[in-house]
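A short worksheet on the structure shown next.
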Amino acid sequence: MGAVRSIVRSVQRPPDDLISSAKDSRLRVIIVQDHPLLASAIEGILEAEPDITVRGIAWKGGDAASLAAREKADVALLDFHLPDVSGPAAADMIQAALPSAAIVFHSGDESESDLLDAIDAGATAYLTKSAAGHQIVEVLIPAGLFAKAIARQRRADTAAAEHQKLVAQFTPRELQMLHLMAEALDVDLIAERLGIAPHTVEWHIRHVIEKLRVHSKLQAVIEAARRGLITL
Numbered sequence: 000m001g002a003v004r005s006i007v008r009s010v011q012r013p014p015d016d017l018i019s020s021a022k023d024s025r026l027r028v029i030i031v032q033d034h035p036l037l038a039s040a041i042e043g044i045l046e047a048e049p050d051i052t053v054r055g056i057a058w059k060g061g062d063a064a065s066l067a068a069r070e071k072a073d074v075a076l077l078d079f080h081l082p083d084v085s086g087p088a089a090a091d092m093i094q095a096a097l098p099s100a101a102i103v104f105h106s107g108d109e110s111e112s113d114l115l116d117a118i119d120a121g122a123t124a125y126l127t128k129s130a131a132g133h134q135i136v137e138v139l140i141p142a143g144l145f146a147k148a149i150a151r152q153r154r155a156d157t158a159a160a161e162h163q164k165l166v167a168q169f170t171p172r173e174l175q176m177l178h179l180m181a182e183a184l185d186v187d188l189i190a191e192r193l194g195i196a197p198h199t200v201e202w203h204i205r206h207v208i209e210k211l212r213v214h215s216k217l218q219a220v221i222e223a224a225r226r227g228l229i230t231l
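Residue numbers (numbering that gives the first Met the number 0): 0 to 231.
Okay, structure coming up:
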């Protein structure tokens, strides 16, 4: 087995523009390693890279999840054999706390069983401790960029879904009312423009105010703009 074992996963590649935007800041890496000298050596190698920043070192697997979540790590470089928990168990805890983090295992072992366990744990790559410094960097950077791009796409998808859910709470007429209210039209002018009775306009406006959980037409317009329902 070579010093680097890449684990190919059937995940959809994010769009190139997302990967490009993910390059805007340095990759945040945490090291989970119980050997201080090795941890220090790896930290030195990574910190020498302009695209990487080491955000912390955890000496135990049980401390890795909180460190990853606190530092919003893009990549966790994780020793496969830790004194308190197994590497895969630590990986599970990290991904539960921070699903976007990429897991790269670092091990002195080259057994196929460990590699299979790494795959089961969702690892992006498996490095042996004979890997040279440049090999570690060559694995971490693409793993981190991919993790950042996936996280960015997930945030965008979540925001879009939340916006659609918000819009679905309003009828087309209520959304129309919001746009007309944003033009500072009074009830009579809105009624005239839409060809409906003023009391019908008031009924729609009352529902809009209730749904936005505000107390006035002005507050409704401000809240609707803040939440992306209208543009001022």
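Idealized CB from N, CA, C, for every residue including glycine.
- The beta carbon of Gly55 sits closer than 7 Å to those of Ile29, Leu66 and Glu70, all from its chain and outside the five residues before and after it, given in chain order.
- Ala75 is positioned such that its CB atom lies closer than 9 Å to that of Ala63.
- Following the DSSP letters along the chain, one finds Ser106 in no alpha helix (DSSP H) but inside the beta strand (DSSP E) bounded by residues Ala101 to Ser106.
- Where Arg27 is concerned, the enclosing beta strand (DSSP E) starts and stops at Leu26 to Val31.
- Between Ala57 and Val84 a beta carbon distance of about 11 Å is seen, past the 8 Å cut, so the two are scored as non-contacting.
- Taking C-beta separations shorter than 6 Å and ignoring five residues to either side along the sequence, the partners of Val136 in its chain run Glu48, following chain order.
- According to the DSSP assignment, Thr127 belongs to the beta strand (DSSP E) that extends over Ala124 to Thr127.
- Remark: C-beta atoms of His34 and Leu77 do not approach each other more closely than 9 Å.
- Per DSSP, reduced to three states, the secondary structure at Val207 is helical.
- Note on geometry: alpha-carbon atoms of Ala122 and Met176 lie some 51 Å from one another.
- Check the Cα spacing between Ala101 and each of Asp108, Ile221 and Ala89: the tightest is with Ala89.
- Judged by DSSP secondary structure, Leu114 falls within the alpha helix (DSSP H) whose first and last residues are Glu111 to Asp119.
- In chain order, Ala64 place their CB closer than 8 Å to the CB of Ala95, counting only its own chain and leaving out the 5 sequence neighbours on each side.
- Contact between Glu173 and His206 holds: their C-beta atoms lie close to 6 Å from each other, under 8 Å.
- About 11 Å separates the Cβ atoms of Leu179 and Ile195, ruling out a contact at the 8 Å cut-off.
- Following the DSSP letters along the chain, one finds Val220 inside the alpha helix (DSSP H) bounded by residues Lys216 to Arg225.
- The beta-bridge partner set that DSSP reports for Val74 consists of Val28 and Ala101.
- Scanning Leu217, Ile41, Lys210 and His162 for the CA closest to the CA of Asp185 turns up Leu217.
- One thing to note: Gly61 has its Cβ no nearer than 9 Å to the Cβ of His80.
- Classified as exposed, His214 has fewer than 16 neighbouring CB atoms from the shown chains inside 10 Å of its CB.
- Where Ala57 is concerned, the enclosing beta strand (DSSP E) starts and stops at Ile51 to Ala57.
- Pairing Val103 with Met92, the inter-Cα distance amounts to about 14 Å.
- Ala38 places its beta carbon 9 Å or farther from that of Gly86.
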